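Participant: Sequential numbering of the sequence shown, starting at 5, is according to the numbering used here. First the structure, which I've put down as structure tokens, then a few questions once you've had a look.
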Amino acid sequence: MTQFAPLALLAALAMATACTSAGGAAGPSVADAQGAADADLSAHGATVPEPYTSMQNPYGYADPSLANLGAGLYTQHCNHCHGSQGSGDGTRAKGRIPVVSDLNAANLEHQDNYWFWRIHQGGKAFQSAMPAFAEVLTDDEIWRIITYCRWHFSNF
Ligand code: HEC
């Protein structure tokens with residue numbers, strides 16, 4: 005049996021490491037929040053599910069005159085968490101774990117289908133405070149908001 009001792013030790017070490025990184029929920033701190041944010045990013049590597057996979061913004065991004073289409077809707081529904089610059093620092097963002105996403109980063113990382121899915125279904129699958137807007141906003145309103153975010157936050 006002794007020959008298995010190193011393996012058992014390795015397993016114990018692996019579990020201890022896993023526990024440490026999962027500790028974010030116990031006591032929020034900057035480090036914990038960062039840990040949760042990192043965990044988030046890997047969760048967000050998730051494949052966009054049906055029926056969202058082939059969705060594309062019907063407004064496109066060729067016409068700058070459409071840039072403000074969703075401005076009022078963004079202010080009304082998103083600003084208090086994601087902030088006026090999209091950086092995740094709205095008045096109701098503080099202390100949330102997982103932390104409120106920076107939409108500038110989301111612009112660079114994700115395509116329209118991912119955006120639509122996340123706004124439509126919210127953060128339930130990620131144990132987050134991101135609300136599901138499926139019952140609150142029409143599909144058209146969601147695309148207007150996405151158009152606004154795409155034009156006003158980091159270019160993608
Ligand atoms: C109550 C706070 C809150 C409100 C209101 C809110 N969000 Fe979020 N949102 C979050 C949190 C927290 C996350 C990060 C966790 C997650 O992905 O679920 C997030 C994540 C996201 C993501 C995924 C980002 C990524 O990189 O994966 C998008 C896109 C997004 N929000 C857009 C919006 C838009 C657009 C609105 C308005 C229609 C909105 N959110 C309203 C809290 C909020």
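Cβ atoms here follow ideal geometry from the backbone N, Cα and C, with glycine treated the same way. As the structure is a computational prediction, the values presented were derived from the model and not from experiment.
Could you please give the first and the last residue of the uninterrupted alpha helix (DSSP H) stretch that includes Gly76?
Facilitator: Counting along the chain, the alpha helix (DSSP H) containing Gly76 begins and ends at 75-81.
Participant: For a quick check, are the C-beta atoms of Gly90 and Phe157 less than 7 Å apart?
Facilitator: yes
Participant: Quick one: is the Cβ of Arg122 within less than 6 Å of any heavy atom of the ligand HEC?
Facilitator: At least one heavy atom of the ligand HEC is nearer than 6 Å to the Cβ of Arg122, so yes.
Participant: When burial is assigned at 16 or more other CB atoms within 10 Å of the CB, is Gly76 buried or exposed?
Facilitator: exposed
Participant: Say whether the segment 77-88 touches the segment 57-64, bearing in mind that this needs 3 or more beta-carbon pairs closer than 8 Å, one atom from each stretch.
Facilitator: no
Participant: For Thr151, report the span of its alpha helix (DSSP H) as first-last.
Facilitator: Its alpha helix (DSSP H) spans residues 143-156.
Participant: Roughly how many angstroms separate the alpha carbons of His86 and Ser69, rounded to a whole number?
Facilitator: Cα to Cα, His86 sits roughly 24 Å from Ser69.
Participant: The alpha helix (DSSP H) spanning Asn111 covers which residue range?
Facilitator: Asn111 -> alpha helix (DSSP H) spans 107-113.
Participant: Is Met134 close to the ligand HEC? I mean its beta-carbon at under 6 Å from any heavy atom of the ligand.
Facilitator: yes
Participant: Does the beta-carbon of Val140, which I'm using as the reference point, lie nearer than 6 Å to any heavy atom of the ligand HEC?
Facilitator: no
Participant: Leaving out the 5 sequence neighbours to the left and right, which residues in its chain are closer than 8 Å to Asn108 when beta-carbon positions are compared?
Facilitator: Gln89, Gly90, Ser91, Phe157, Ser158
Participant: Within 10 Å of its beta-carbon, does Gly64 have 16 or more other beta-carbons around it, so buried, or fewer, so exposed?
Facilitator: exposed
Participant: Quick one: what's got a C-beta closer than 6 Å to Trp119's C-beta in the same chain, skipping five residues either side?
Facilitator: The beta carbon of Trp119 sits closer than 6 Å to those of Ile150, all from its chain and outside the five residues before and after it, given in chain order.
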